[in-house]
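Down below is the structure, laid out as structure tokens.
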Amino acid sequence: MSQLNIVGFAGSSSTPSRTRSLVETVVAQTAGRVGAETRIYDLVDIHPSLGATLDARHAPPDLVELIDTITAADALVVGSPVYKGTYTGLFKHLFDLIDPKALKDKPIVLTATGGSERHALVVDHGLRPLFAFFSADILSTGIYATEPDFTDYLPSSDNLRSRIGRVVDELSWRLNATRGTTLAQSA
């Protein structure tokens, strides 16, 4: 049986980043629960090559590696800071380069961070439709967090930690159920 692989991608171009910290926390807690390998990326890792790439067929090697890693993952945890009511443009651009069938049925956790509660619906009205286009298996719990939910860029509020726990439960269950189905089919 091969080990599960969970990939996180944060559409943030700043360091340190609350968005990346949120994605890392969900990935790490889920991996600890299901025994998965992990990879975390954000725009800081790839933004110069991403912004210059108009077609995936002409992508530089670092971007090809990222796209291949995302599409090969057993699950994705994605997040974006919210600017002017939506996810970042380069976050969207990355997913524009991914084949529309590549994320079909892949479990995906949606997260976002923003400066105020007025952007809280971006998870359901921005990110959810994007990944529905891919026919991904979008988990019902999404997470939106604001600056007061963090201390030194780490998730700290009781509400945020509770939502992280809930989404980790959902993703762990989903991955274990998938693993059980795969094992039964191979027996």
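Per my numbering, residue 35 is the first one in the sequence shown, and the count goes up by one each step. Beta carbons are placed, not taken as given, at the ideal position from N, Cα and C, and that holds for glycine.
Look at the alpha carbon of residue i and the alpha carbon of residue j, and state the distance between them as a whole number of angstroms.
i	j	result
Leu124	Asp192	31 Å
Leu137	Asp108	10 Å
Leu217	Ala86	Bear in mind that the predicted position of Leu217 carries a pLDDT of just 46, short of 50, making it too unreliable to give a figure here.
Lys126	Ser150	21 Å
Tyr187	Ile104	25 Å
Leu38	Asp133	22 Å
Asp171	Ala44	19 Å
Asn210	Ala106	17 Å
Gly160	Ser83	24 Å
Ala65	Ala179	21 Å
Phe168	Val157	16 Å
Ile40	Ser114	17 Å
Pro189	Asp96	30 Å
To which residues of the same chain is residue i closer than 8 Å at the C-beta, ignoring the five residues directly before and after it?
i	result
His173	Note on identity: in this sequence residue 173 is Leu, with His being the wrong assignment. Cβ within range, chain order: Pro141, Ile142, Val143, Leu144, Val201, Glu204, Leu205, Arg208.
Val60	Gly42, Val111, Val143, Thr145, Ile177, Ile198, Val201, Val202, Leu205
Thr49	Val78
In the DSSP output, what is residue i paired with across the bridge?
i	result
Thr65	With the sequence shown as reference, residue 65 is identified as Ala, and Thr is not the correct amino acid for it. BP columns for Ala65 are empty, so no partner.
Pro141	Asp171
Gly42	Ile74, Val111
Leu188	Thr185
When we look at the beta-carbon of residue i and count the other beta-carbons within 10 Å, is it buried (16 or more) or exposed?
i	result
Asp183	buried
Pro94	exposed
Asp130	exposed
Val78	exposed
Arg91	exposed
Ser36	exposed
Arg52	buried
Gly148	buried
Can you list, in chain order, the residues of its chain whose CB lies under 7 Å from that of residue i, leaving out five sequence neighbours each side?
i	result
Glu99	none
Glu58	Gly42, Ile74
Ser196	none
Tell me which same chain residues have a C-beta within less than 6 Å of the C-beta of residue i, skipping the five on either side of it?
i	result
Ser220	Because the pLDDT at Ser220 is just 48, under 50, the model does not fix this residue reliably, and the value given afterwards should be weighed accordingly. If we look at Ser220 and ignore the five residues flanking it on each side, it has no Cβ neighbours.
Asp76	Ala44, Ser46, Arg54
Ala154	Tyr178
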